[in-house]
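Enquirer:
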Amino acid sequence: MAARAIWSGAIKIAEIACPVKMYTAATTSERISLNLLNRKTGNRLKRLYVDEKTDKPVEREDQVKGYETSAGHYVVLEPEEITAAVPDSDKVLKVDNFITCGQIETTYFDKPYYLLPASDAAEEAFVLIREALRNQKAAAIAHTVLFRRLRPVLIRAHRKGLIATTLNFDYEVRSAKEAFKDIGKRKIDAEMLQLAEHILETKAGSFDPSAFEDRYEDALAELVKAKIDGRKVIPLKRPEPTKKNDLLEALRMSAGGKEEDKAPEKKGTPKKTTSRKKAEGETKPAPRRKAS
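If you're matching positions, the sequence shown starts at 45 in my numbering and goes up one per residue.
1. Give the C-beta separation of Tyr37 and Gln107 to the nearest angstrom, bearing in mind that I take them to be a contact with Cβ-Cβ under 8 angstroms.
2. So for Arg75, helix, strand or coil by DSSP?
3. What does the Cβ neighbour count give for Leu194, buried or exposed, with the cut at 16 atoms within 10 Å?
4. In angstroms with no decimal places, state the Cα-to-Cα distance between Ala299 and Leu244.
5. In chain order, which alpha helix (DSSP H) runs of at least 4 residues are fully inside the stretch 229 to 302?
6. Keeping to the same chain, check which residues put their C-beta closer than 8 angstroms to that of Glu167; ignore five residues upstream and five downstream.
7. Whose C-beta lies closer than 6 angstroms to the C-beta of Glu303 among residues of the same chain, with five residues either side of it excluded?
8. Check this for me: beta carbons of Trp140 and Ile185, under 9 angstroms apart or not?
9. Among residues of its own chain, excluding the 5 on either side of Ala61, which ones have a beta-carbon nearer than 6 angstroms to its beta-carbon?
10. What's the C-alpha gap between Glu293 and Lys231?
11. Given a threshold of 16 other Cβ atoms within 10 Å of its Cβ, counted over all protein chains shown, does Val277 qualify as buried or as exposed?
12. Rounded to whole angstroms, how far is the Cβ of Ala223 from the Cβ of Ile199, which I believe are closer than 8 angstroms?
13. Can you name the start and end residues of the beta strand (DSSP E) that Lys56 belongs to?
14. For Gly86 and Ser73, what's the separation of their Cα atoms in angstroms?
15. Between the C-alpha atoms of Asp273 and Phe142, what's the straight-line distance to the nearest angstrom?
16. Considering only residues of the stretch 121 to 204, which uninterrupted beta strand (DSSP E) runs meet the minimum length of 3 residues and lie entirely inside it, listed in chain order?
17. Quick check on Ala208: buried or exposed, where buried means 16 or more other Cβ atoms within 10 Å of its Cβ?
18. Closer than 6 angstroms by C-beta to Leu264: which residues in its own chain qualify, once you throw out the five before and the five after it? Chain order, please.
19. Are the beta-carbon atoms of Val64 and Leu159 separated by less than 9 angstroms?
20. How would you label Ser52, buried or exposed, when you count the other beta carbons within 10 angstroms and need 16 or more for buried?
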């Protein structure tokens with residue numbers, strides 16, 4: 045794999061240990077990155093920390109972290125004290141137990157990472173773990189220290205490899221019961237439900253992420269490219285807002301199978317060009333730095 049591993053260690057199941065490397069599965073590096081500039085000079089701005097009371101700049105060596113105990117009052121945490129709170133890392137993804145793949149709520153999913161065998165010698169144990177998980181339709185719940193925290197991790201078979209998804213802690217996930225408590229009980233008309241189910245059937249499809257359009261990134265890429273080329277960008281005309289209508293009538297109209305409502309047939313999925321590449325064009329490199 046061409047990307048650089050962000051973590052290396054081993055999966056440990058009972059007495060079985062398999063050396064692995066972890067790679068980022070999703071990245072935002074291809075997004076357009078903008079910088080803050082001085083409009084008058086065109087120079088890039090830099091961030092400066094100032095004391096909120098004295099308005100004087102504070103040098104890096106005088107900056108310290110603190111926790112607010114009450115309005116305007118803080119307890120100071122020294123860097124070495126924070127470092128001491130970081131758990132020791134033994135570079136092991138220790139498997140605690142196994143669950144069925146459909147058992148976990150997706151609200152607990154955080155970030156996905158690819159796991160690959162660390163060497164040719166580790167490949168046999170890696171494939172063994174992968175196939176056992178796949179055959180049992182199971183996922184492993186493990187834990188390890190990642191990015192200074194002890195993180196719960198879900199490990200599943202994924203194509204030729206394994207995918208490790210860091211999980212949110214229970215205290216980080218809002219209660220669904222609390223979030224939906226104000227939704228009242230309603231009895232849905234049988235005709236409305238039948239029409240809604242019919243619409244679902246007529247619009248049935250398959251998961252195709254290549255069909256997703258990031259319209260903001262595409263528009264931003266076109267804007268950057270136009271600025272580089274010295275062209276004027278004509279903004280797209282926004283569609284008129286649709287009129288509100290009766291829910292049952294809207295269902296009937298939707299189920300009527302209007303030609304313009306039907307999804308167009310695909311003639312093959314063209315390879316997408318990333319927004320950054322669109323903006324860069326053939327010769328102009330875009331800045332890699334992120335906005336300040």
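Using N, Cα and C, we set each Cβ at its ideal position, and we do this for glycine too. Fair warning: this is a prediction, and the values are worked out from it, not measured in the lab.
Expert: Once the coordinates are examined:
1. Nothing about residue 37 can be reported from this structure: the residues present for the chain run from 45 to 336 only.
2. coil
3. exposed
4. 9 angstroms
5. 234 to 246, 259 to 273, 291 to 299
6. Pro161
7. A caution first: Glu303 carries a pLDDT of 42, below 50, which makes its placement in the model unreliable, though a value can still be read off. If we look at Glu303 and ignore the five residues flanking it on each side, it has no Cβ neighbours.
8. Here residue 140 turns out to be Asp, not Trp, going by the sequence shown. Yes, these two residues count as a Cβ contact at 9 angstroms.
9. Ala54
10. 18 angstroms
11. exposed
12. No, Ala223 and Ile199 are not in contact; Cβ-Cβ is about 29 angstroms, not under 8 angstroms.
13. 51 to 57
14. 24 angstroms
15. 56 angstroms
16. 136 to 144, 153 to 161, 182 to 190, 193 to 202
17. buried
18. Ile76
19. yes
20. exposed
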